[in-house]
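Taking the numbering used here, I'd label the letters of the sequence shown as residues 280 to 377.
See below for the structure under consideration.
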Amino acid sequence: EKMASAIADSVASRHNGPESEINDFKSLITNGISGAAEKGTTFQFDCSKEGLKVAVDGKDQGVVSSSQLAGAFCDVYLDEKGVSPTLRKSCIETLCTE
């Protein structure tokens, strides 16, 4: 629950859509970890124009159909206040080189 809340809260602060989308996103994570994430748990988040897909330990949990939510998730890592400035810099250098 703590892991799901932490991830969802990071996205929520960047999301301008309905709160129900954040709740749905959090539920997908929570359902995948069945209570608490254990050491070694893997999360996969696929962002697209169609929405944000969640998988936990290789098992698809579902999709929240919202491009706004997918964009907010990407912003957690790629905006100016991103959680990893090093990752942001690396993405820019890798994807924006000629």
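C-beta: ideal position from N, C-alpha, C; glycine also.
Among residues of its own chain, excluding the 5 on either side of residue i, which ones have a beta-carbon nearer than 8 angstroms to its beta-carbon?
{"i": "D339", "result": "K332, V333"}
{"i": "T365", "result": "none"}
Can you give me the C-alpha to C-alpha distance between residue i and residue j, rounded to a whole angstrom?
{"i": "A351", "j": "T321", "result": "20 angstroms"}
{"i": "D323", "j": "G341", "result": "Asp is not the amino acid found at residue 323; the sequence shown has Gln there. Distance between the alpha carbons of Q323 and G341 is about 11 angstroms."}
{"i": "G319", "j": "P297", "result": "32 angstroms"}
{"i": "S299", "j": "G337", "result": "25 angstroms"}
{"i": "G369", "j": "A315", "result": "Gly is not the amino acid found at residue 369; the sequence shown has Ser there. S369 and A315: Cα-Cα distance of roughly 31 angstroms."}
{"i": "C353", "j": "V343", "result": "14 angstroms"}
With burial defined as no fewer than 16 other Cβ atoms inside 10 Å of the residue's Cβ, what is the status of residue i: buried or exposed?
{"i": "V362", "result": "exposed"}
{"i": "A287", "result": "buried"}
{"i": "L374", "result": "exposed"}
For residue i, collect the residues of the same chain with a Cβ closer than 7 angstroms to its Cβ; drop the 5 residues on either side in sequence, then sort them by chain order.
{"i": "V355", "result": "S289, V290, R293, G361, V362"}
{"i": "L357", "result": "R367, C370"}
{"i": "A349", "result": "C326, S327, G330, L331"}
For residue i, which residues from the same chain have a beta carbon less than 6 angstroms from its beta carbon, with the 5 sequence-adjacent residues on both sides left out?
{"i": "S346", "result": "K328"}
Report the residue from the options whose alpha carbon sits nearest the alpha carbon of residue i.
{"i": "E359", "options": "A349, L348, I371", "result": "I371"}
* Can at least three beta-carbon pairs, one atom from the region 283-291 and one from the region 305-312, be found at a separation below 8 angstroms? -> yes
* Asked: Per the contact definition of three or more C-beta pairs closer than 8 angstroms, is the region 310-321 in contact with the region 292-300?
  -> no
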